[in-house]
Amino acid sequence: SQTIHQWPATLVQPVGSPLSLECTVEGTSNPNLYWYRQAAGRGLQLLFYSVGIGQISSEVPQNLSASRPQDRQFILSSKKLLLSDSGFYLCAWSVRLAGEQFFGPGTRLTVL
Amino acid sequence: TQLLEQSPQFLSIQEGENLTVYCNSSSVFSSLQWYRQEPGEGPVLLVTVVTGGEVKKLKRLTFQFGDARKDSSLHITAAQPGDTGLYLCAGGVGGSQGNLIFGKGTKLSVKP
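Quick note, the sequences are listed as chains A and B, same order.
Each residue of the first sequence is one higher than the one before, starting from -8 at the first, in the numbering used here.
Each residue of the second sequence is one higher than the one before, starting from 33 at the first, in the numbering used here.
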């Protein structure tokens, strides 16, 4: 069966510090991968998605970047965090781009 | 721009009551999914509907896809505290392009 991991589960970082969040998927090959941000328990904002190694599409211009160094690994990064980067970050995978998505447990990021 | 509007945004009811939440759009979707998210966790897929007029049941939950595939509803019978959470609908446009469009969710609280 497929599983998706995210770490860390929680993170508190000062403004201006770098960020690296990691997501890995097990039990499937060539998944589509996604990074979302969710504010205050509401809707999901799609940040990046990837259909393959090294292929990244950005949905919203911002202070963040994403990379996919391996088939089942997706990394969200920032060189300098802003207060507005605080939120709940979710990684997800799917077989098809517009198909069912399966989410990781999320990372709660607080920027102080 | 395709949008999914969910209503109501918030719903607080007593255990044993019935409720219906709605997901509406002016756009046609090839499929529509419902997810439930508990605080501090990632969304979990409940159901996918693909055919106009389709009705699916999952224990006390009944999901319906509109005939024109522009809207959907989720009906819960005899709600229980364990039903508490954020209910998200997401529409897929099909094909190899595009991603899921997520609504902002209905936050349900079922009090014992």
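Glycine is no exception: its CB is placed at the ideal position from the N, C-alpha and C atoms.
Here the structure is a predicted model, which is why all the values come from computation and not from measurement.
In the structure shown, the three-state DSSP call for B/Asp103 is strand.
For A/Ser41, the enclosing beta strand (DSSP E) stretches over residues 35 to 43.
Among the CB atoms of chain A, none fall inside 8 Å of the CB of B/Val53. B/Ala100 has its alpha-carbon roughly 31 Å from the corresponding atom of B/Val142. In terms of beta-carbon proximity, B/Ser62 lines the interface with chain A, with at least one pair separated by less than 8 Å. For the region 71 to 89 of chain B, the beta-carbon criterion of a distance under 8 Å to any beta-carbon of chain A is satisfied by Pro71, Gly72, Glu73, Gly74, Pro75, Val76, Leu77, Thr80. Per the DSSP secondary-structure output, B/Gln112 pairs with nothing in a beta bridge.
Neighbourhood of A/Leu37 in chain B, by CB distance below 7 Å: Asn131, in chain order. Identification of residues in the region 37 to 53 of chain B having a C-beta nearer than 8 Å to some C-beta of chain A yields an empty set. Chain A has no Cβ within less than 8 Å of the Cβ of B/Val142. By a beta-carbon distance limit of 8 Å, B/Glu49 does not contact B/Gly135. Their separation comes to about 23 Å. When the beta-carbon positions are compared, B/Val125 and A/Ala89 come within less than 8 Å of each other.
When C-beta distances to chain B are compared with 8 Å, the residues of the region 89 to 100 of chain A below that value are Ala89, Gly90, Glu91, Gln92, Phe93, Phe94, Gly95, Pro96, Gly97, Arg99, in chain order.
Between the C-alpha atoms of A/Ser85 and B/Glu47 there is a straight-line separation of about 35 Å.
Partner residues in the beta bridge of B/Phe97, as assigned by DSSP, are B/Ser104. The C-beta separation of A/Leu72 from B/Asn131 comes to about 26 Å, leaving the pair out of contact by the 8 Å criterion. Contact between the region 62 to 76 of chain A and the region 70 to 87 of chain B is absent, with fewer than three C-beta pairs closer than 8 Å. A Cβ of chain B is located within less than 8 Å of the beta carbon of A/Gly34.
Within chain A, the residues Arg33, Gly34 have their CB atoms less than 8 Å from the CB of B/Lys136, given in chain order. For B/Val81, the pairing in a beta bridge is given by DSSP as B/Leu64.
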